Amino acid sequence: MYRNMVTSRRFEEAIAKIYFEGKSPAFNMANGPIPGEMHLSDGQEPVAVGVCAHLTPEDVVTATHRPHHQAIAKGVDLDKMAAEIFGKKTGLSGGRGGHMHLFDDDVNFACSGIIAQGMGPAVGAALSRKMQGKPGVAVAFVGEGAVNQGGWHEAMNLAAVWNLPFICVVEDNGWGISVAKKTASSIASHADRAAAYGIPGKRIEGNDPYAIFEAAGEAIARARAGEGPSLLECETYRLAGHFMGDAEAYRPKGEKDALFEKDPIPKMRERLLADGAASEAELDTIEEESAARVDAAIKFARESDDAAPEDALTRVFAA
1 MYRNMVTSRR
11 FEEAIAKIYF
21 EGKSPAFNMA
31 NGPIPGEMHL
41 SDGQEPVAVG
51 VCAHLTPEDV
61 VTATHRPHHQ
71 AIAKGVDLDK
81 MAAEIFGKKT
91 GLSGGRGGHM
101 HLFDDDVNFA
111 CSGIIAQGMG
121 PAVGAALSRK
131 MQGKPGVAVA
141 FVGEGAVNQG
151 GWHEAMNLAA
161 VWNLPFICVV
171 EDNGWGISVA
181 KKTASSIASH
191 ADRAAAYGIP
201 GKRIEGNDPY
211 AIFEAAGEAI
221 ARARAGEGPS
231 LLECETYRLA
241 GHFMGDAEAY
251 RPKGEKDALF
261 EKDPIPKMRE
271 RLLADGAASE
281 AELDTIEEES
291 AARVDAAIKF
301 ARESDDAAPE
311 DALTRVFAA
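Once you know that position 238 of the sequence shown is 238 in the UniProt record's numbering, the rest is easy, because the numbers rise by one and skip nothing.
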C-alpha cells in the first residue's frame, strides 16, 4: 500500500511538471506533450490503496476523471498508462483516451470523465458475474458530487435489488469542482444513504489507509460471500486543485495549508516505522524504486511514437 501511494505521488509530480511544457506564455491546454485537462489525485491515495489491496485482476474497478491513484493501485501497466496520457501509439488505447479514459482489460480497470458514469458499468459487471457464476466483485469509485446524480441512485437500487457483488466507494474530498459538499448535499455523510437501499453503509474518517483497508475488507468479503453490495464513504483530501491551472479561489483561507500538514504519505511512513513494520532503509528503498519506476514510464512515453492521425477513425463504431 505504501509503495502504491508513493508511486502514485511521484507519477503525478512528474505529470504536473511536464503538463505545463509548451503551454506558456499564453496558456492553451491543447499545447505541449500532454494536451487536454489534467486532474491530479495528490492526497487521495489512501482510498485507492486501502480498497484495491483486497482486489485481484479478475475484479472490476471503474474510476473517475481523477483516476491515476486508483489505476496504479489496481495494477494498470504504468508504461502504457503514461503513454496514453501523452497521446502515444503505445498507450493503453493507442492514445485515443487520454488521462480521463484509461482502460486496461488485463486488470479490468476503466474510468470516465462523466460524473457517476462508472456506476452502471460496474453494476453491470457485478450482474454478469452473478449470472454466469464467475468469481470476482465490482467496485465503482465516485466522488461525493456523483452521489447526487440520478444514475448513481438507479445503479445503487439495482445492485441492492439483485443482491450483487458490488461496492460503491465514495471519495469525499469536500469539493465538487468548486462547490462545497455542504452546499450541494442535504446530509453530512453519504454513507447514510445506504439505508434507503437496505444495504450496509459506513463512513471512514481521517483519510486513513489502515481504516479504509479494514472497512473495504469487510465490504469486499461480504460481496464475495454472496451477501450483496455495500456503500463506503471515505473522507479524503485533495491537495491539488480540481484541474491543473485551477486558481482555487473558492477554498477558505488556510484550508490547503492545513491539509498539507495531514499529507497521508509521511503519516503512513511514520506509522510503519512506529509499528516496526518497516525500517528507514526499507522505506527509502521503496521510495527510490518508485521514483525510478516513474522515470522509466515517463521515458517510455516520451520516446514512443505519437498516435497517427490516420488511426483516428479506427475502433470507432457507427450504424
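Just so you know, even glycine gets a beta-carbon here, dropped at the ideal spot from N, CA and C. If you're wondering where the values come from, they're calculated on a predicted model, not measured in any experiment.
- In the DSSP annotation of this structure, the continuous segment of the alpha helix (DSSP H) that includes E303 starts and ends at 280–303.
- Under DSSP, S230 takes part in a beta bridge, and its partners are I167.
- Boundaries of the beta strand (DSSP E) harbouring G201: 201–204, taken from the DSSP string.
- Here C111 is bridged, per DSSP, to A63.
- Three or more beta-carbon pairs separated by less than 8 Å link the stretch 118–127 to the stretch 139–156, which places the two stretches in contact.
- Cβ-Cβ distances below 6 Å link D79 to A297, F300 in the same chain, with the five nearest sequence neighbours on each side left out; the list follows chain order.
- Listed in chain order, the non-local C-beta contacts of L283 below 8 Å within the same chain comprise Y2, R269, L272, L273, local neighbours out to five positions each way being set aside.
- The DSSP-derived three-state label of D246 is coil.
- As a beta-bridge residue in DSSP terms, D172 pairs with E235.
- Its Cα nearest to that of S178, the residue G241 stands out among N148, E233, H153, G241.
- In the three-state scheme derived from DSSP, where H, G and I count as helix and E and B as strand, D104 is classed as strand.
- Per DSSP, A211 is one residue of the alpha helix (DSSP H) stretching across 209–224.
- Rounded to whole angstroms, the Cβ separation of I204 and P229 is 17 Å, and the two are not in contact under 8 Å.
- The beta carbons of G94 and A249 sit about 38 Å from each other, so the pair does not count as a contact at 8 Å.
- Beta-bridge partners assigned by DSSP to F86: none are found.
- Distance between R96 and K74, taken at the CA atoms: about 21 Å.
- Beta-bridge partners assigned by DSSP to V142: V170.
- A straight line joining the alpha-carbon of R9 with that of V294 spans about 10 Å.
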